[in-house]
Each structure stands twice: as structure tokens, then as C-alpha cells.
Amino acid sequence: MTFSIAATDGTAWGVAVASKFLGVGVAVPAAAAGVGAIATQAWANLTYRPEGLALLRTGHDAQETIDILTTGDELRDERQVGIVDANGNSATYTGAKCHDWAGGVTGDNYAIQGNILTGPEVVEAMAEAWLSSDEAAPLTRRLLTALIAGDEAGGDRRGRQSAALLVVTEKGGYGGGSDVFADLRVDDHADPVTELTRLLDLHDIYFGKADPATALPLQGDLGQEVRGRLAKLGHTNPDLDQALDSWAGIENLEERLLPGRIDPLVLDRLRSLT
Numbered sequence: 106m107t108f109s110i111a112a113t114d115g116t117a118w119g120v121a122v123a124s125k126f127l128g129v130g131v132a133v134p135a136a137a138a139g140v141g142a143i144a145t146q147a148w149a150n151l152t153y154r155p156e157g158l159a160l161l162r163t164g165h166d167a168q169e170t171i172d173i174l175t176t177g178d179e180l181r182d183e184r185q186v187g188i189v190d191a192n193g194n195s196a197t198y199t200g201a202k203c204h205d206w207a208g209g210v211t212g213d214n215y216a217i218q219g220n221i222l223t224g225p226e227v228v229e230a231m232a233e234a235w236l237s238s239d240e241a242a243p244l245t246r247r248l249l250t251a252l253i254a255g256d257e258a259g260g261d262r263r264g265r266q267s268a269a270l271l272v273v274t275e276k277g278g279y280g281g282g283s284d285v286f287a288d289l290r291v292d293d294h295a296d297p298v299t300e301l302t303r304l305l306d307l308h309d310i311y312f313g314k315a316d317p318a319t320a321l322p323l324q325g326d327l328g329q330e331v332r333g334r335l336a337k338l339g340h341t342n343p344d345l346d347q348a349l350d351s352w353a354g355i356e357n358l359e360e361r362l363l364p365g366r367i368d369p370l371v372l373d374r375l376r377s378l379t
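What follows is the structure, encoded as C-alpha cells:
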């Protein structure tokens with residue numbers, strides 16, 4: 106009922122998944138920074154997530170973890186699971202009773218699997234998309250690229266309903282307070298992968314970091330322009346950084362602030378409002 110990719114770029118770990126199933130994001134993905142990523146599906150055994158991460162933490166690699174999980178599961182023939190460990194080792198398992206088409210492919214840093222698919226071309230397209238993706242791109246984007254390829258290749262043969270994206274990296278969460286960099290879910294939608302793309306675009310706006318190389322100094326004419334636009338919106342603190350901080354907090358753009366400079370994306374948003 107599902108197609109997914111679990112992968113790592115060496116600093117982040119994550120899962121992207123889509124299915125003809127309500128709220129697939131609550132069931133399939135699990136990941137821990139520096140530990141690994143897991144996708145459990147078909148007749149998903151949700152205990153594979155905490156137990157699998159626990160096994161990875163104690164030094165078992167991806168294949169060993171799957172072997173242990175499935176050996177102790179009487180319903181293993183109806184399970185499907187993919188794992189990537191801390192070192193990029195990968196493994197995938199498809200039980201003999203999973204509904205056709207069911208199977209998976211693996212390589213360094215990725216495990217791709219699916220069941221009730223239109224055919225093997227789904228996982229093959231996902232693998233090709235992953236391998237041809239830009240290694241310098243964020244893991245969120247590389248995972249989504251693979252998921253889009255699987256969706257376009259046919260995906261779940263029953264249709265579309267939900268999709269999800271989970272990526273973790275050390276202190277990658279809001280304000281550095283957690284490791285969860287992205288946890289996006291489309292629970293019920295006619296075109297969930299496209300909707301997931303829209304959500305990731307918004308995530309990049311609100312939670313992406315400003316690039317110091319492209320940030321503009323808040324000096325001269327630009328400084329005066331920004332001060333004037335902020336004043337129109339009611340932010341009149343004589344300290345320009347503090348005025349900008351006050352407005353950006355209301356707009357949920359605080360993650361993109363840099364002292365004495367302004368992110369072009371933030372500037373565009375300010376100009377659009379004034």
C-alpha cells in the first residue's frame with residue numbers, strides 16, 4: 106500500500122513516503138540523528154520503529170537490525186521494512202505475502218521499497234532519481250525528488266491519498282532545540298506528493314537559514330528603505346536590528362535573521378507587505 110525511501114547524506118537521516126492510506130506519516134517513518142532511518146510498511150509493525158532504532162544504537166547494522174526484527178515477528182511474511190544505518194549501510198525486506206507488486210532496492214546510503222505498486226518501475230525510478238540527485242542538495246529535497254519519481258512512475262496502484270517527509274539532523278530543529286529538521290505530512294489529499302512539495306517550499310522559507318554570502322548589509326539607502334517599511338507596519342524601534350526582529354517574529358521569519366544584514370527572501374516579503 107506504500108512506496109518509500111529511507112536515506113542519509115552522512116549528516117542527516119530521513120524517510121519520504123506516499124500511499125493510498127490515511128495519514129501514512131503517522132505509521133511509516135522513523136529516524137534519529139546519528140543513528141539511522143526506518144520505514145515500516147505493508148501490514149506495518151509500528152514496533153519496528155523504536156525497536157529498530159534501539160538496535161541501531163547498540164551497534165547493529167541495517168541488515169542485522171532487519172534480521173532481528175523479522176525473526177521475532179510471526180507475521181513477518183506480511184511486513185515490509187527498509188533501513189539505513191548511521192554509516193549508510195542499507196537493507197530492505199519484503200515478506201512473501203505482501204501484495205503484488207512488492208519489492209525493494211538498496212545501495213550505499215539508501216533503501217527503497219514498495220508494495221501494491223503498479224510494478225517494479227516505481228522503485229527503479231526512485232533509485233535512479235536518488236542516484237542522479239545533487240549530493241550537495243538538502244536531504245529533504247533529495248528524498249522528495251525520489252518520491253516524485255516514484256509517484257510519476259505509477260506509485261500505489263490503488264491511487265493516491267497521503268504522503269510524508271521526515272528528516273533529522275543534530276540540532277536541526279527550530280532554534281536548535283531538537284534534531285527534527287522537517288516533519289511534514291499530507292494526511293488526505295487528491296495529489297499528496299504535489300501538496301508535500303508545496304509544504305516543503307514553505308518549510309524552506311520559514312525554517313531555512315539565511316546565506317551570509319547573499320545577505321544584504323542594512324546600510325545606506327537599503328537601511329533607510331527597510332526602516333521606513335518597518336515603520337509603516339508599526340515597528341519603530343530606533344535599533345534597526347531590533348525593529349526587524351520584532352516584525353520577523355510576527356511573520357515567522359526569525360530563523361532567517363542575521364545581525365546587520367537582511368536575507369533577500371526576507372526583504373522580498375517585507376516589500377510585498379508595504
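In this text, residue positions in the sequence shown follow our numbering: the first is 106, and each later residue adds one.
Don't be surprised by glycine CBs; every beta carbon is placed ideally from N, CA and C.
- Counting only residues of its own chain and dropping the five nearest sequence neighbours on each side, E229 has a CB closer than 8 Å to the CB of V210, A258.
- Beyond the five residues adjoining it in sequence on each side, A295 comes within less than 8 Å, by CB distance, of R265 in the same chain, given in chain order.
- Using a 10 angstroms sphere on the CB of Q146, the tally of other CB atoms reaches 16 or more, which defines it as buried.
- The straight-line gap separating the alpha-carbon atoms of L151 and N220 is approximately 17 Å.
- P155 is positioned such that its CB atom lies no closer than 8 Å to that of L271.
- L345 and L323 do touch by the CB rule: their CB atoms are close to 6 Å apart, below 8 Å.
- The Cβ-Cβ distance between E275 and G139 falls below 8 Å.
- Shown here, F286 sits in a strand according to DSSP, grouped into three states.
- Between the beta-carbon of A137 and that of A149 there is about 18 Å, and that puts the pair past the 8 Å contact cut.
- Beta-carbon to beta-carbon, G255 and F108 are separated by about 5 Å, close enough to satisfy the 8 Å threshold.
- Bounds of the beta strand (DSSP E) holding P134 are 134-137.
- Distance check between E356 and each of L370, R366, P364, P343 places L370 closest, using alpha-carbon atoms only.
- Nearest neighbour of F312 by Cα position, chosen from G280, V291, T341, turns out to be G280.
- Our two residues, R162 and A142, have alpha carbons roughly 11 Å apart in a direct line.
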